Each structure stands twice: as C-alpha cells, then as structure tokens.
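Remarks on the structure that follows.
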Amino acid sequence: MDAPSDQVDDEKIRVSYYECNDKVPIAKAILHITCIEMSLDADINRLGMVTRGGKQKDQWTWEPDGKGAILLVNCDRDNPTANEEDNKDTKLTSKQDLQDMSRMILTTQGPNEVFANYQLTLHISKADCDKVGVFYAQEKAREHFREDQVDTYLPCPSPKRKSIILLRQIKSLTSSLVTNDNQPQVPLDLKGLMRDLDERMYLCFQETKK
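In the numbering used here, the protein residues as written are 6 to 215.
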C-alpha cells in the first residue's frame with residue numbers, strides 16, 4: 006500500500022492454505038487491512054521550523070558521525086532568579102523557556118473510525134525518563150490557544166499524573182524533564198484526529214541530564 010486508507014478495511018489480502026504437494030487449498034481466509042500514515046517531524050534542516058513530510062528518514066543513522074534531526078537541549082537559565090538551569094526543573098518560566106525547546110509535530114492521516122477502540126501511545130522508556138518529558142496544555146489553553154501562555158503548561162508525566170489522554174482540541178504539547186521511577190506513557194487519542202493533515206499536535210523535547 007502506498008497511500009493511507011480512505012475507509013476501514015478498504016484493502017484485502019486473500020490467503021489460501023495447502024497441504025504438501027496438494028494443488029487444492031484446504032482453507033481460505035481474507036485479511037482486511039487499513040493503512041494509516043503517521044509521521045513525527047522535526048527541524049531537520051536547521052531552519053528554525055519543522056520540516057513536514059521529510060522523505061529521508063530511512064537514511065538517518067545514529068552515532069556521532071550519523072545524520073538526522075538534532076533536538077537541542079534546553080540547558081540555559083532564562084529566569085535569572087531561578088535556582089537551577091531550565092533542564093533541571095519541571096515548569097516553564099517564560100516564553101523564552103518554551104522557545105528553547107525543540108519542536109516536533111505528530112501528523113496522522115487515515116480513517117477516523119480506526120481508532121474508535123484504540124489509542125496511540127507516546128512512550129518514554131524508564132531508561133530515558135530522566136532525559137525526556139512532556140508538557141501538556143491545561144483547559145484554558147485548549148479553549149484559547151496561545152503558545153506564549155507558559156503558565157498553562159503542566160508536566161506529564163508527573164508524580165501525581167502518569168499519563169494524559171490527548172483529544173482533538175489539544176493543539177500544543179511541549180516537553181521538559183519529569184523524573185519518575187515508573188515508565189511514563191502519554192496515550193494520544195486519535196479518534197476524530199485522523200482525517201486532516203492539518204489537525205496535529207505539537208511535541209517539544211529537551212534533554213535534562215547527561
């Protein structure tokens with residue numbers, strides 16, 4: 006399949022089962038397939054904006070000589086009265102603090118109905134949860150979305166909240182450290198979110214600890 010599905014189960018594969026050296030199938034089955042396109046995009050060209058639909062991700066490699074997206078670390082101190090660097094706290098203190106984070110955009114395309122009974126989960130492993138975290142916008146930011154309303158962002162996961170269901174109206178997520186011994190998970194509820202590429206959520210990541 007080279008394109009997202011328009012409807013659930015709109016593609017089918019017919020499977021036939023044969024006994025050894027037998028030309029007549031002993032059973033048949035039809036596999037229903039729904040294709041969904043998902044892309045987590047970042048500023049891979051160092052232009053200060055997210056590169057949408059980059060086609061070179063299969064060529065990215067790890068290690069110091071590798072190539073691919075670079076997510077900057079928010080390790081300065083935008084608030085001069087703060088007791089520690091921005092990568093060591095669990096709150097946004099200013100618009101500059103928010104802008105220091107590396108933005109990523111999750112884009113999805115496919116039929117809405119496919120996620121009526123499923124959720125997409127953004128998972129941060131236990132080994133990395135002291136380096137990467139997520140902020141989510143509170144209700145007032147969802148109703149009147151402004152990226153510079155830094156007081157409307159809360160850390161997720163946090164000691165009191167391990168996960169959050171993201172609905173269609175949530176348009177902004179940013180990230181910072183939340184250290185937790187448990188494995189934090191952020192389910193992304195894509196019901197009603199799959200149809201339009203412009204319906205998206207924003208993720209920003211910052212490393213917090215060497």
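Virtual Cβ for every residue (Gly too), placed ideally from N, Cα, C. Here the structure is a predicted model, which means the values were calculated and not measured.
With distances taken Cα to Cα, identify the nearest neighbour of Gln101 among Gly115, Tyr23 and Cys80. Cys80
Can we say the segment 104–114 touches the segment 40–53, given the rule of at least three CB pairs closer than 8 Å? yes
Option nearest Arg108 by Cα separation, candidates Ser99, Thr98, Pro116 and Ala74: Ala74
Once DSSP output is grouped into helix, strand and coil, what is the label at Leu111? strand
To the nearest angstrom, how far is the alpha carbon of Val13 from that of Glu118? 7 Å
Kindly identify the DSSP beta-bridge partner or partners of Ala32. Tyr22
Under DSSP, the alpha helix (DSSP H) around Leu103 begins and ends at which residues? Lys100 to Gln104
Hey, could you find the ends of the beta strand (DSSP E) Glu42 is sitting in? Glu42 to Ala47
Pro116: buried (16+ other C-beta within 10 angstroms of its C-beta) or exposed? So Pro116 ends up on the buried side.
For Leu36, the nearest candidate out of Arg19, Leu76 and Ala132 (CA to CA): Arg19
I'd like to know whether the C-beta atoms of Val78 and Asn92 end up nearer to each other than 8 Å. yes
Give the secondary structure of Lys17 by DSSP, where H, G and I count as helix, E and B as strand, and everything else as coil. Lys17 falls in the strand class under three-state DSSP.
In whole angstroms, what is the alpha-carbon distance linking Lys33 and Tyr23? 9 Å
Beta-carbon separation of Pro9 and Ile38 under 8 Å? no
Spatial neighbours of Lys17 within its chain, please: CB distance less than 8 Å, with the 5 preceding and 5 following residues excluded, ordered by chain position. The residues are Ile35, Leu36, His37 and Ile38.
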